[in-house]
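Q: Going by this note's numbering, the first residue of the sequence shown is number -8, and it counts up by one from there.
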Amino acid sequence: MFEAGSIVILILVLLVVIVVVRSVRIVGQGFNWTVERLGKYTKTLTPGLHILIPFIDTIGSKMNMMEQLLEVPSQEVITKDNAMVTVDGVAFYQVLDAAQATYEVNNLHNAVLNLTMTNVRTVMGSMDLDELLSQRDEINARLLSVVDHATQPWGIKVTRIEIKDIAPPRDLVDAMARQMKAERDKRAQILEAEGARQSAILTAEGEKQSAVLEAEGKKEAAFREAEARERQAQAEAAATSMVSEAIAKGDVQAINYFVANNYVAALEKLASAPNQKVLMLPVEATGVIGALGGITEIARETFKDGGGSGNGAARPTRRASGRVPNTTAS
């Protein structure tokens, strides 16, 4: 009798334990559980301690509410200009409604993956290869918009879609490399031509400035030379006027001075010529000597008039005489 009662008590304790285990649920952080009562969804359990009706309420699914990574495998895509490229990427999504993610779609992870791959082919197939390689941000934005809109009934939020790699065929890569090299060579030639053009312009400007400065220098020199000639002419005119006045007064010595001065100047020019080694003098050179004698007499008369008190009367003028040889070596 005692043994039978112990067995009953043991069975009752075991039943109590089973009931407690089936009724008490602890949901971990980052997860939501769906509850089904007799096979029908009733509520969602959030993180924490919950009491269920044992044997009537059951757990439908345990949904991860954290942001999840989805690897998009490589696939071949034909672009708008019929170029074949290999593309892969990644997607990130987060479950917002555990009930919808459980009951609105079967195998949520696989559904999001196939939807993303399909839209990758759709979006990238509508673009040229050059756009595909240069507008990756636009591709990511268009994919995110399309996939996120399509998955809204599933209770999830697609937060990011990124294209990792776009690999064109080898022949296209080589062609693009040749095209890039040609473009760079073209830009280099243009820059070189622009540099040569700038150099020619600057050289021409420098030559122009040099010519202008040289012309201004010649103009200034000509002005100075003309001014000097004008002053020399004025001096010669004044000297000629004085000689003319002396001649008008009957002073023969002034005539001799004037003629001798011009004659000596002419002889000086002949003697200073670089190609003249022998100077031929005419027989009339005695006239020059006579003119020089006239100059001497003028000087003596000047000294006699101005300061003759020192030596008394001036000595009489002595005419130069004699014959001058026909040739003189210089």
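Each residue gets a CB set at the ideal place from its N, CA and C atoms; glycine is no exception.
Since we're looking at a predicted model, the values are computed, not measured.
Quick check on A82: does DSSP put it in helix, strand or coil?
A: For the purposes of this step, residue 82 is taken as the residue at position 91 of the sequence shown. DSSP places A82 in strand when its eight states are reduced to three.
Q: Between M54 and A92, is the Cβ-Cβ spacing less than 8 Å?
A: The sequence position of residue 54 within the sequence shown is 63, counting from 1. The sequence position of residue 92 within the sequence shown is 101, counting from 1. A contact, by the Cβ cut-off of 8 Å.
Q: From G51 to V78, what distance separates their C-alpha atoms?
A: Indexing the sequence shown from 1 puts residue 51 at position 60. Indexing the sequence shown from 1 puts residue 78 at position 87. Rounded to the nearest angstrom, the two C-alpha atoms are 37 Å apart.
Q: In its own chain, which residues sit with a C-beta less than 7 Å from the C-beta of D119, not counting the 5 before and 5 after it?
A: Counting from 1 along the sequence shown, the entry for residue 119 is found at position 128. Cβ within range, chain order: T70, K71, D72.
Q: Go to A158, then tell me how far its beta strand (DSSP E) extends in each direction, as first and last residue.
A: Indexing the sequence shown from 1 puts residue 158 at position 167. Per DSSP, A158 belongs to the beta strand (DSSP E) from 147 to 158.
Q: Spatial neighbours of V114 within its chain, please: CB distance less than 8 Å, with the 5 preceding and 5 following residues excluded, ordered by chain position.
A: On the sequence shown, position 123 is the one that residue 114 refers to. I130, R133, L134, V137, listed in sequence order.
Q: Taking C-alpha atoms, which residue in S190, I9, T107, Q180 lies nearest to T150?
A: The count along the sequence shown starts at 1 and reaches residue 150 at position 159. The shortest Cα separation from T150 among S190, I9, T107, Q180 belongs to T107.
Q: T25: buried (16+ other C-beta within 10 angstroms of its C-beta) or exposed?
A: Counting from 1 along the sequence shown, the entry for residue 25 is found at position 34. So T25 ends up on the buried side.
Q: For the beta strand (DSSP E) that contains D139, what are its first and last residues?
A: Residue 139 sits at position 148 when you count from the first residue of the sequence shown. D139 -> not in any beta strand (DSSP E); alpha helix (DSSP H) instead, spanning 127 to 141.
Q: Can you tell me the Cβ-Cβ gap for D0 and V86, rounded? I've got them flagged as a contact below 8 Å.
A: As a position in the sequence shown, residue 0 is number 9, starting the count at 1. As a position in the sequence shown, residue 86 is number 95, starting the count at 1. For the sequence presented, residue 0 should be read as Ile rather than Asp. That pair is no contact at about 46 Å.
Q: Just grab the DSSP bridge partners of E27 for me.
A: Here the question's residue 27 lines up with position 36 in the sequence shown. Its beta-bridge partners are Y32, T49.
Q: Do you know how far the Cα of N110 is from the Cα of L124?
A: In the sequence shown, residue 124 corresponds to position 133, counting from 1. In the sequence shown, residue 110 corresponds to position 119, counting from 1. Each residue's alpha carbon lies about 17 Å from the other.
Q: For R127, tell me which candidate among D48, G80, D88, K31 has the shortest Cα-Cα distance.
A: By 1-based counting over the sequence shown, the position of residue 127 is 136. For the residues D48, G80, D88, K31, the minimum Cα distance to R127 belongs to G80.
Q: Chain B beta carbons: is any one of them nearer than 8 Å to that of D72?
A: Although the question refers to chain B, the structure presented lacks it and comprises just one protein chain.
Q: Starting from E174, follow the alpha helix (DSSP H) in both directions and report where the run begins and ends.
A: As a position in the sequence shown, residue 174 is number 183, starting the count at 1. Unbroken alpha helix (DSSP H) run through E174: 161 to 239.
Q: Would you call A82 buried or exposed, if buried means 16 or more other Cβ atoms sit within 10 Å of its Cβ?
A: Locating residue 82 in the sequence shown gives position 91, where the first residue counts as 1. Counting Cβ neighbours within 10 Å, A82 comes out buried, since at least 16 surround it.
Q: Based on the DSSP secondary-structure assignment, which residues constitute the bridge partners of V18?
A: Counting from one through the sequence shown, the residue named residue 18 turns up at place 27. G39, per the DSSP bridge assignment.
Q: Tell me the DSSP secondary structure of M108 in three-state form.
A: Position 117 of the sequence shown, counted from the start, is the residue given in the question as residue 108. Of the three classes helix, strand and coil, the one that applies to M108 here is helix, per DSSP.
Q: Can R13 and P45 be called in contact, C-beta distance under 8 Å?
A: Taking the sequence shown and counting its residues from 1, the one referred to as residue 13 is at position 22. Taking the sequence shown and counting its residues from 1, the one referred to as residue 45 is at position 54. Yes, the pair counts as a contact, with Cβ atoms nearer than the cut-off.
Q: Can you tell me whether DSSP reads T113 as helix, strand or coil?
A: As a working note, residue 113 is residue 122 in the sequence shown. Helix.
Q: With a 10 Å radius around its C-beta and 16 neighbouring C-beta atoms as the bar for buried, classify L36 as buried or exposed.
A: Counted from its first residue, the sequence shown places residue 36 at position 45. The residue in question, L36, is buried, as its Cβ has 16 or more Cβ neighbours within 10 Å.
Q: Can you tell which of A237, L99, S65 has its C-alpha closest to the C-alpha of Q143?
A: In the sequence shown, counting from the first residue as 1, residue 143 sits at position 152. Among A237, L99, S65, the Cα nearest to that of Q143 is on L99.
Q: How should L60 be labelled, buried or exposed, when 16 other C-beta atoms within 10 angstroms of its C-beta is the threshold for buried?
A: For the purposes of this step, residue 60 is taken as residue 69 along the sequence shown, with counting starting at 1. Exposed.
Q: Please state the DSSP three-state secondary structure of V8.
A: Position 17 of the sequence shown, counted from the start, is the residue given in the question as residue 8. Three-state DSSP puts V8 in a helix.
Q: Could you pull the start and end residues of the alpha helix (DSSP H) that A89 belongs to?
A: The residue labelled residue 89 in the question sits at position 98 within the sequence shown. Counting along the chain, the alpha helix (DSSP H) containing A89 begins and ends at 89 to 94.
Q: Based on the DSSP output, what are the partners of V76 in its beta bridges?
A: Taking the first residue of the sequence shown as position 1, residue 76 is located at position 85. According to DSSP, V76 bridges with V68.
Q: Which residue from S235, Q225, H41 puts its Cα closest to that of G19?
A: On the sequence shown, position 28 is the one that residue 19 refers to. Looking at the Cα atoms, H41 is the closest of the given residues.
Q: Taking buried to mean at least 16 other C-beta atoms within 10 Å of its own C-beta, is I181 buried or exposed?
A: Reading the sequence shown from its first residue, position 190 is the one you call residue 181. By the neighbour-count rule (16 or more Cβ atoms within 10 Å), I181 is not buried but exposed.
Q: Quick check on N322: does DSSP put it in helix, strand or coil?
A: The requested residue 322 is not part of the displayed model; the chain covers only -8 to 321.
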